[in-house]
Structures are given as structure tokens and as C-alpha cells.
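Colleague: Per full-length UniProt numbering, the sequence shown starts with residue 1, numbered consecutively. In this text, a Cβ means the ideal position worked out from N, Cα and C, and glycines have one as well. In this text the structure is predicted, and so the values were computed from the model without any measurement. Structure in C-alpha cells, see below.
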Amino acid sequence: METRNLRKERVGVVKSNKMDKSIVVAEVKRQKHPMYGKFVLKTKKYVAHDENNDCNEGDTVRIMETRPLSKSKNWRLVEIIERAK
């Protein structure tokens, strides 16, 4: 029996929820500059599937990798960690 690979998970902040059943999640990570040593903020955006349209902008969410759902959407919402204030 084949075992399934672990799926990637990311935690980020919802930047846009204007689409139907879709959200844009931005993951920010601090990366040290290789030469100068200063920490630089790197942002990566993911388009994720939000089945019930229950996310709002500013929410902190956990997303998980899944099969491609559209041209740009291969992540899905797992949980809302914290609601925007």
C-alpha cells in the first residue's frame, strides 16, 4: 500500500477575499541577507480555496496544499487561526 506524502502547510494573513470561494493569503518570512546580514521581509502570495466564504481581510489562516482547483489555485483553507480585529 502506498503512503501519501505529507502536504505542505502555510500560515498567513488574508489580503483579499473579493473572489467567490477564493482568498489571497500572504505569507511573510524574515530572511537574513547573505552578504549584509540585515533581515529582509519576503512575501509570498497564495490563492486558496475558501468553500464557505467565511474569511475576511486581515484574518490569520492556515492553508494546505491540494490538487489544482484552477489555474492559480492549489491551496485550500484548513482553519481560521485568528479573526481580524
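Tell me whether residue 12 is buried or exposed, calling it buried when 16 or more other Cβ atoms sit within 10 Å of its Cβ.
Modeller: That one is buried.
Colleague: Using the C-alpha atoms, what's the distance from residue 43 back to residue 61?
Modeller: Computed Cα separation, rounded: 15 angstroms.
Colleague: Does the distance from the CB of residue 75 to the CB of residue 65 come in under 8 angstroms?
Modeller: Result yes, Cβ atoms of residue 75 and residue 65 sit closer than 8 angstroms.
Colleague: DSSP three-state call for residue 6: helix, strand or coil?
Modeller: Coil at residue 6, not helix or strand.
Colleague: Compare the beta carbon distance of residue 29 and residue 47 with 8 angstroms and say whether it is the shorter of the two.
Modeller: It is not a contact, given that the beta carbons lie outside the stated cut-off.
Colleague: Which same chain residues end up closer than 8 angstroms to residue 57 when comparing Cβ atoms and leaving out the 5 residues on each side of it in sequence?
Modeller: 14, 15, 16, 17 and 84.
Colleague: Using DSSP with H/G/I as helix, E/B as strand and the rest coil, what is residue 16?
Modeller: Three-state result, residue 16: strand.
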